[in-house]
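Residue numbering for the sequence shown follows this note's numbering, starting at 1 and increasing by one per position.
In this text, a Cβ means the ideal position worked out from N, Cα and C, and glycines have one as well.
Remember, predicted model here, so these are calculated numbers, not experimental data.
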Amino acid sequence: MVNGIFFVASRGLTATTWFKNALSLHSDIFCSHGRDRPNRGIETDSLLLDKAYRVDRLNYEKWQRGASIDNYTKDLISASSGEQFIGNIHGYVLIELMDKLSKSDLENIPVANMVRHPIGFIESYVALVNHRKNDYPEKFYAEHGKRIVKNKQLIVEYKVNSGDLSLLGFIEACQSLKKSIDEIRLHQVYIVKMEEVVSNKKYFLDVFYYLTGGLLNYDENVLDKVLKVNSHKEKYNKIKTDSRNLECHDETW
1 MVNGIFFVAS
11 RGLTATTWFK
21 NALSLHSDIF
31 CSHGRDRPNR
41 GIETDSLLLD
51 KAYRVDRLNY
61 EKWQRGASID
71 NYTKDLISAS
81 SGEQFIGNIH
91 GYVLIELMDK
101 LSKSDLENIP
111 VANMVRHPIG
121 FIESYVALVN
131 HRKNDYPEKF
141 YAEHGKRIVK
151 NKQLIVEYKV
161 NSGDLSLLGF
171 IEACQSLKKS
181 IDEIRLHQVY
191 IVKMEEVVSN
201 KKYFLDVFYY
211 LTGGLLNYDE
221 NVLDKVLKVN
231 SHKEKYNKIK
241 TDSRNLECHD
251 ETW
C-alpha cells in the first residue's frame with residue numbers, strides 16, 4: 001500500500017541519477033528518474049543506438065508532459081512492487097511541476113527542487129554539450145537544436161564561430177541557470193543542494209526525512225557506503241580546499 005509520493009524537480013546536472021539510486025536502496029521506496037518509463041533500466045550506449053528505444057522514450061516523454069499528476073502517479077504505482085513510497089526525480093523542472101499540482105496536492109505531496117552550485121553547473125553543462133554533439137548527434141540536435149537556432153542572433157552579434165561548442169554550452173548553461181534562479185524566486189519549495197546531499201550524511205538524512213514525512217528510516221551503514229563511493233565528494237572537497245569563497249555552505253548559497 002502506498003503511503004506517500006514525492007517529487008524532486010531539477011534542471012539536470014545535479015546528481016539526480018545518484019540520488020535516485022540512493023533512495024531506491026531503501027526497500028520501501030520506488031523511485032523513477034527523468035521522463036522515461038518508471039520501470040526502464042539504465043540507459044546504455046547500445047540503447048541510445050537503438051532507434052526503437054529512442055522513439056519509445058520520446059513517446060513516453062510526450063505522454064508524461066501532458067499527463068495529469070494523478071495519471072502519472074497511477075503509472076508509477078503500476079510500475080512499483082508494493083513499496084510504501086513512490087517518487088520521481090528529474091522528471092519535471094520546477095515551474096512545470098508546480099503548474100500541474102493543485103493546492104491540495106501541495107499540502108500532501110512533498111516537493112523539492114534539486115540545485116547545484118552555479119560554477120559546477122556551468123562547467124558540467126559545457127562538458128555535456130561537447131559530449132552529446134560528438135558522440136550522440138541525433139540526441140544533441142533533439143535537445144539543443146531549437147536553442148541553437150534561438151541563439152543564432154546572439155552568436156552573430158558577438159561574431160562567434162557557431163562551431164564553438166564550449167561557447168554554445170556556456171550560453172545554454174547561463175540561460176538554464178537563469179531559469180532555475182527565477183523558479184526558486186517564484187516558488188518557495190524545499191531546496192536540495194547537490195554538493196551537500198551527496199557528501200553530508202546529516203544533510204542527506206534531513207532530505208530523506210522531508211521526502212518521507214519521517215515515516216521511514218534510512219540505514220546509516222548503507223548510507224556510509226553510498227557516500228564513500230559517490231564521485232562528487234572528492235571534487236566537492238577540493239573546491240572547499242582550493243577556493244574558500246566558493247564553499248557550498250548555507251551562508252554562501
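Item                                                                                                                : Value
Status (buried if at least 16 other CB within 10 Å, exposed otherwise) for residue 52                               : exposed
Buried or exposed by the 16-neighbour rule on C-beta atoms within 10 Å, applied to residue 97                       : buried
Rounded straight-line distance, which links the Cα of residue 201 to that of residue 16                             : 17 Å
Nearest residue (CA-CA) to residue 214, options 193, 184, 172 and 84                                                : 84
Beta-bridge pairing of residue 6 - partner residues as DSSP gives them                                              : 87
Beta-carbon proximity list for residue 105, same chain, < 7 Å, skipping 5 on both sides                             : 69
Own chain partners of residue 12 with C-beta closer than 7 Å, once the 5 adjacent residues on each side are dropped : 90
C-beta contact flag for residue 113 and residue 191 at 8 Å                                                          : yes
Whole-angstrom distance between residue 115 and residue 195, CA atom to CA atom                                     : 9 Å
Contained beta strand (DSSP E) runs [length at least 3] in the stretch 39 to 113, N- to C-terminal order            : 85 to 89
Cβ pair residue 122, residue 73 closer than 8 Å                                                                     : no
Run of the beta strand (DSSP E) containing residue 190, from where it starts to where it stops                      : 190 to 193
CB contact flag (residue 189, residue 93, <8 Å)                                                                     : no
Residue interval of the alpha helix (DSSP H) (run including residue 199)                                            : Where residue 199 is concerned, there is no enclosing alpha helix (DSSP H), given that its DSSP letter is neither H nor E.
Residue 32, DSSP secondary structure in three states                                                                : strand
Spatially closest choice to residue 171 from 182, 216, 124 and 197, by CA coordinates                               : 124
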